[in-house]
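In the working numbering, the protein residues as written are 41 to 358.
All residues carry an ideal CB built from backbone N, CA and C; glycine is no exception.
Heads up, the thing below is written out as structure tokens.
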Ligand SMILES: C[S@@+](CC[C@H](N)C(=O)[O-])C[C@H]1O[C@@H](n2cnc3c(N)ncnc32)[C@H](O)[C@@H]1O
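Spelled out as structure tokens, the structure:
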């Protein structure tokens with residue numbers, strides 16, 4: 041009976057205003073206004089996007105924004121981080137089971153006093169890292185729901201709420217002290233699941249998105265930020281880093297997709313924040329529309345150095 045009531049409630053959640061279900065490093069919620077006003081005028085006029093591709097989807101801030109404000113017919117979301125893709129697939133395919141399991145974990149966790157919460161967190165983290173060794177990332181199964189539960193629980197309770205992997209691919213973020221974290225945001229998870237209908241979610245390198253991009257496709261590219269020097273290019277998103285040669289590879293890809301007739305919008309950190317003479321991206325994207333917009337974010341690991349900095353938005357259209 042209770043399950044029936046739950047299902048009726050869940051199926052009545054119709055609004056598509058989903059938000060990212062994870063807090064993600066480099067998430068673009070803060071930049072949405074700037075990105076919105078730079079969308080191709082044809083989509084703004086029609087309120088409709090036929091085909092959308094996001095090769096570095098992360099938490100998907102722009103994707104969910106577009107789903108809320110436009111009629112997005114077909115979408116293709118890619119990311120190299122397989123743990124993130126496990127989360128998207130489980131929500132897309134089995135949101136009800138995922139909510140039930142996450143709700144159980146949330147109830148167990150919130151009942152505990154703080155010192156026991158910490159031990160619970162580390163048990164979950166160990167379990168997550170152990171499961172990874174024998175996990176089958178190629179074939180979807182009920183295990184994916186369990187792994188997505190781990191992912192969301194850890195993201196909501198870890199320090200700073202950021203998912204970060206070490207070079208061995210292990211999740212290594214310490215415990216975060218939140219009084220009453222919302223671990224199972226049922227309403228939003230259902231909205232996310234609905235927003236993901238008619239969407240293909242793919243694990244892979246950004247170049248794999250080539251096969252989904254056609255003339256007039258809207259493509260938003262948000263690669264890992266370019267760090268200060270090449271030796272620190274380990275990004276924490278996956279076992280691999282994203283190096284200057286990957287940025288060059290991306291610029292080639294951008295030019296190839298430009299020739300194909302796609303609408304391309306790319307954001308990146310602006311190296312001029314640190315060094316006025318650094319024109320790495322200005323040279324790579326010479327001939328395209330390059331703009332610098334104000335953004336608030338941490339410019340390095342020192343939390344006190346937060347302030348107004350600029351980010352780059354590069355487009356192949358006006
Ligand atoms: C800056 S984040 C994207 C954030 C996203 N726009 C948001 O709003 O949350 C960059 C993403 O690129 C992914 N990534 C890193 N290297 C990649 C590659 N070679 N191909 C595809 N995705 C990659 C990371 O896993 C990460 O999720």
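Euclidean distance between Cα positions of residue 169 and residue 210: For the purposes of this step, residue 169 is taken as the residue at position 129 of the chain shown. For the purposes of this step, residue 210 is taken as the residue at position 170 of the chain shown. Whole-angstrom Cα-Cα distance: 6 Å.
Contained alpha helix (DSSP H) runs [length at least 4] in the stretch 193-257, N- to C-terminal order: 226-235
Residue from 258, 102, 92 whose Cα sits closest to the Cα of residue 67: Position 27 of the chain shown holds residue 67. The residue with the shortest Cα to Cα distance from residue 67 is 102.
Same chain, Cβ closer than 6 Å to residue 242, neighbours up to 5 away in sequence not counted: Counted from its first residue, the chain shown places residue 242 at position 202. Within the same chain, residue 242 has close Cβ partners 118.
Any non-hydrogen atom of ligand 1 closer than 7 Å to residue 309 Cβ: Numbered from its first residue, the chain shown carries residue 309 at position 269. No; taking the cut-off as 7 Å, the Cβ of residue 309 has no heavy atom of ligand 1 nearer than that.
Cβ-heavy atom distance, residue 277 to ligand 1, below 7 Å: Counting from 1 along the chain shown, the entry for residue 277 is found at position 237. Yes, the beta carbon of residue 277 sits closer than 7 Å to at least one heavy atom of ligand 1.
Proximal residues to residue 356 (C-beta, below 6 Å), its chain only, five neighbours per side dropped: As a first step, residue 356 is located in the chain shown; it is residue number 316 there, counting from the start. Same-chain partners within the cutoff: 298, 304, 328.
Own chain residues within Cβ distance below 8 Å of residue 324, not counting five before or after: Here residue 324 refers to the residue found at position 284 of the chain shown. Hits under 8 Å: 287, 288, 291.
Sufficient close CB pairs (3 or more, under 8 Å) joining the stretch 81-96 to the stretch 256-270: yes
Ligand 1 heavy atom lying under 7 Å from the CB of residue 139: Taking the first residue of the chain shown as 1, we reach residue 139 at position 99. No.
Test item, CB below 5 Å from any non-hydrogen atom of ligand 1: 64, 66, 67, 68, 96, 98, 99, 101, 119, 120, 121, 245, 246, 262, 264, 277, 282
Residue from 124, 122, 214 whose Cα sits closest to the Cα of residue 166: The residue labelled residue 166 in the question sits at position 126 within the chain shown. Residue 166 has its Cα closest to that of 214, out of 124, 122, 214.
Beta-ladder partner(s) of residue 335, from DSSP: Your numbering for residue 335 matches position 295 in the chain shown. In DSSP, residue 335 forms a bridge with 349.
Reference residue 196; option with closest CA among 244, 176, 77, 145: Walking along the chain shown from the start, residue 196 turns up at place 156. Ranking the options by Cα distance to residue 196, first place goes to 145.
Boundaries of the alpha helix (DSSP H) in which residue 89 is found, first to last residue: For this step, residue 89 is matched to residue 49 along the chain shown. Per DSSP, residue 89 belongs to no alpha helix (DSSP H); it is in the beta strand (DSSP E), 88-94.
Cβ shell of residue 39 (< 6 Å), same chain only, five flanking positions each side left out: It is not possible to answer for residue 39, since the shown part of the chain is limited to 41 through 358.
Own chain, CB closer than 6 Å to residue 226, minus 5 neighbours either side, in chain order: As a working note, residue 226 is residue 186 in the chain shown. Result list for residue 226: 139, in chain order.
Given residue 266 as reference, the closest of 276, 284, 253 once Cα atoms are compared: Counting from 1 along the chain shown, the entry for residue 266 is found at position 226. Residue 266 has its Cα closest to that of 284, out of 276, 284, 253.
Residue span of the beta strand (DSSP E) that contains residue 303, given as start and end: Reading the chain shown from its first residue, position 263 is the one you call residue 303. First-last of the beta strand (DSSP E) with residue 303: 303-309.
C-beta neighbour in chain B for residue 243, strict 8 Å: Note that chain B does not occur in the displayed structure, where there is just one protein chain.
Length of the line joining the Cα atoms of residue 220 and residue 192: For this step, residue 220 is matched to residue 180 along the chain shown. For this step, residue 192 is matched to residue 152 along the chain shown. Residue 220 and residue 192: Cα-Cα distance of roughly 15 Å.
Alpha-carbon to alpha-carbon, residue 358 and residue 181: For the purposes of this step, residue 181 is taken as the residue at position 141 of the chain shown. For the purposes of this step, residue 358 is taken as the residue at position 318 of the chain shown. Between residue 181 and residue 358, the C-alpha separation is close to 45 Å.
The beta strand (DSSP E) enclosing residue 117, as first and last residue numbers: Within the chain shown, residue 117 is the residue found at index 77, counting from 1. Per DSSP, residue 117 belongs to the beta strand (DSSP E) from 111-119.
Alpha-carbon spacing of residue 104 relative to residue 113, whole angstroms: Along the chain shown, read from residue 1 onward, the residue named residue 104 stands at position 64. Along the chain shown, read from residue 1 onward, the residue named residue 113 stands at position 73. If I take the Cα positions, the gap works out to 13 Å.
Buried or exposed by the 16-neighbour rule on C-beta atoms within 10 Å, applied to residue 185: Looking up residue 185 in the chain shown gives position 145. With 16 or more other Cβ atoms within 10 Å, it is buried.
Integer Cβ distance of residue 230 from residue 82, believed to fall under 8 Å: Position 190 of the chain shown, counted from the start, is the residue given in the question as residue 230. Position 42 of the chain shown, counted from the start, is the residue given in the question as residue 82. Not quite, the Cβ-Cβ distance comes to about 32 Å (not below 8 Å), so this is no contact.
Helix, strand or coil at residue 259 according to DSSP, with G and I counted as helix: Residue 259 sits at position 219 when you count from the first residue of the chain shown. Residue 259: strand per DSSP, three-state reduction.
Length of the line joining the Cα atoms of residue 163 and residue 125: Numbered from 1 along the chain shown, position 123 holds the residue referred to as residue 163. Numbered from 1 along the chain shown, position 85 holds the residue referred to as residue 125. In a straight line, the C-alpha of residue 163 is about 23 Å away from that of residue 125.
Under 8 Å between C-beta atoms of residue 263 and residue 282: Here residue 263 refers to the residue found at position 223 when the chain shown is read from its first residue. Here residue 282 refers to the residue found at position 242 when the chain shown is read from its first residue. In this structure, residue 282 lies closer than 8 Å to residue 263 by Cβ.
Extent of the continuous alpha helix (DSSP H) run through residue 169: To locate residue 169, count along the chain shown from 1; it is residue 129. Here the alpha helix (DSSP H) through residue 169 covers 154-174.
Of the residues 251, 217, 293, 317, the one placed nearest residue 156, counting alpha carbons only: Translated into the one-based positions of the chain shown, residue 156 becomes position 116. With distances taken between Cα atoms, residue 156 lies closest to 217.
Test item: CB-CB of residue 333 and residue 58 under 8 Å: Against the chain shown, residue 333 aligns to sequence position 293. Against the chain shown, residue 58 aligns to sequence position 18. No, these two residues do not count as a Cβ contact at 8 Å.
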